[in-house]
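Residues 4 to 331, numbered by the numbering used here, are exactly what the sequence shown covers, in order.
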Amino acid sequence: MRLLGLACSLFILGVAVICSVIYGVTDIPLSSIWESFVHYDYSSQEHLIIQTVRVPRALIAVAAGASLAVAGALMQVITRNPIASPSLFGINSGAAFMVVIASGWLGVSGMQSLTLFALLGAAISGSIVFYLGSIGRDGMTPIKITLAGASIAAFFHSMTQGYMLTNGKMFDQVLVWLVGSVAGRDMSMLINVLPYLFIGFIIAVSLSRHLNVLLMGDDVAQTLGQRTATIKSLASVAVILLAGGSVAVAGPIAFVGIIIPHIVRYLVGNDYRRVIPYSAVLGGILLVTADIGARYIAMPKEIPVGVMTAILGVPFFIYIARKGKRVQ
């Protein structure tokens, strides 16, 4: 039954990707998509749009959505906080800040180098949040780490905006990217970040059994022989790789890491052997469909997909915060 549900989800994801390639300012027939792969015509405008714009955009949306959803699922279990996510805990903001500094101040332009700076920023902001959230006799608590995350997110966001205001050219170049967008990306950008996303996903999958034990609480997990500090450290590495890589290619897209893990746990339960793969697939579906919707709100112009995820995510965030349900 688990594999059947995952297969159905993958089918829906495939349909969403095809729709993403078909629909936009200019709709493209399905036959043209097929022809662009089997008999590519260099003189065809449609084939050029499909291969250089629509397909990379759809695949980047899948990769970013899957990565952010899995990162959110990991963060929620290691912090025992239902609203934990890369965006709310400052990880996305830290990664974005380092990318802006690297490209604007240091003159870095290569995607591989920018990805490394994004990972560095994610690691720095994440480390600060976890340190601040663990200060005190009672250790890490959901309230403390939420406040620490909100503070660090606001700090890096303000620093990013402040730097951009001193550099008008930089402001114009990265404004849309800072909102979160998968438009205007090419396949080489995805290829550069894919190894980091893949390693992060493999770490998440390999930790799934241990995360199930961690759900019982640190004391119980330690009694059962689990090295909770090691598990949390590895999970944090996975979060940094997934969130940092996603920010590098698509910008700091918010709320995917909050929405999807809760939906997945509602559908398949709390077994992280299911939560991780389902989060990846449903995260991809969410971001691809949100990107399709973003093309039609202000047609013929497009809004960044980060605006769409915010429209969906804010009501969901309010619901989860008011419900006050713990991750268990």
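Each residue gets a CB set at the ideal place from its N, CA and C atoms; glycine is no exception.
Complete alpha helix (DSSP H) runs within the region 69–152 (minimum length 4 residues, chain order):
94–107 and 114–137
Practice prompt. Would you tell me roughly how many angstroms separate the C-alpha atoms of Gly113 and Val28, rounded to the nearest one?
Written response: 30 Å
Exercise for review: Check the C-beta distance from Ala121 over to Met101 and give it rounded, since I have them as a contact under 8 Å.
Suggested key: 6 Å
Notebook entry, point to check: Could you give the distance in angstroms between the alpha-carbon of Ser211 and the alpha-carbon of Asp274?
Noted result: 8 Å
Check whether the region 290–301 and the region 86–102 are in contact - that is, three or more C-beta pairs closer than 8 Å. no
Below 8 Å between beta carbons: does that hold for Ile366 and Gly136? The displayed coordinates of the chain run from 4 to 331. Any statement about residue 366 would go beyond what the structure contains.
Outcome for Val332 when other beta-carbon atoms lying within 10 angstroms are tallied against a minimum of 16
Nothing about residue 332 can be reported from this structure: the residues present for the chain run from 4 to 331 only.
For Met302, does the count of other Cβ atoms within 10 angstroms reach 16, so buried, or fall short, so exposed? exposed
Exercise for review: Sort Met219, Arg188, Arg325 and Ala10 by Cα distance to Ile52 and report the nearest one.
Suggested key: Arg188
Worksheet item: By a C-beta neighbour count over all protein chains shown, 10 Å radius and 16 as the cutoff for buried, is Trp180 buried or exposed?
Response: buried
message = Using only the alpha-carbon positions, how far apart do Leu58 and Ile306 sit?
response = The residue asked about is misnamed: residue 58 is Val in this sequence, not Leu. In a straight line, the C-alpha of Val58 is about 18 Å away from that of Ile306.
Under 8 Å between C-beta atoms of Phe258 and Leu315: yes
- Distance between Ala74 and Ile243 (C-alpha atoms, nearest Å): 8 Å
Can you find a heavy atom of the ligand ADP that lies under 7 Å from the Cβ of Asp222?
In the structure on display, the ligand ADP does not appear, and there are no ligands present to speak of.
Assigned secondary structure, Leu270 (DSSP; H/G/I helix, E/B strand, else coil)
helix
Three Cβ pairs or more, each shorter than 8 Å: is that satisfied between the region 229–243 and the region 103–117?
no
Check your understanding: Should the region 84–95 be called in touch with the region 154–161, which here means at least 3 C-beta pairs below 8 Å?
Key -> yes
Excluding the 5 residues flanking Ile263 on each side, which residues of the same chain have their C-beta closer than 7 Å to its C-beta?
Ala72, Gly75, Ser282, Leu285, Gly286 and Leu289
_Measuring only the C-alpha atoms, how far is Gly183 from Val250?_
8 Å
Output the distance between the C-alpha atoms of Ala241 and Ser46, rounded to the nearest integer angstrom.
43 Å
Where Val223 falls, given that 16 or more other Cβ within 10 Å makes a residue buried:
exposed
Rounded C-alpha distance that separates Leu197 from Gly248 | 8 Å
Worksheet item: Under the rule that 16 or more other beta-carbon atoms within 10 Å means buried, what is Leu33, buried or exposed?
Response: exposed
Trp37 versus Ala186 - alpha carbon distance | 22 Å
Review point. Buried or exposed: which applies to Gln79, given that a residue is buried once 16 or more other Cβ atoms fall within 10 Å of its Cβ?
Key: buried
Limits of the unbroken alpha helix (DSSP H) element including Glu38: Leu33 to Val41
(message) Tell me which residue opens and which closes the alpha helix (DSSP H) that Leu51 is part of.
(response) Gln48 to Ile52
Can you give the Cα-Cα distance for Val310 and Asn215, rounded to whole angstroms? 34 Å
**Asked** Secondary structure at Gln225, three-state DSSP: helix, strand or coil?
**Response** helix
Beta-carbon separation of Ile349 and Phe319 under 8 Å? Examination of residue 349 is not possible in this model, given that the chain is present from 4 through 331 alone.
*What residues in its chain sit with their C-beta under 7 Å from that of Val20, if we drop five residues either side in the sequence?*
Ala61, Val65 and Val291
**Request:** Please state whether DSSP places Val310 in a helix, a strand or coil.
**Result:** helix
**Request:** Tell me, to the nearest whole angstrom, how far the beta carbon of Ala151 is from that of Val132; I am working on the premise that it is less than 8 Å.
**Result:** 5 Å
key: Proximity winner among Ala238, Thr169, Ile15 and Ser130, relative to Ile279 (alpha-carbon distances)   = Ala238
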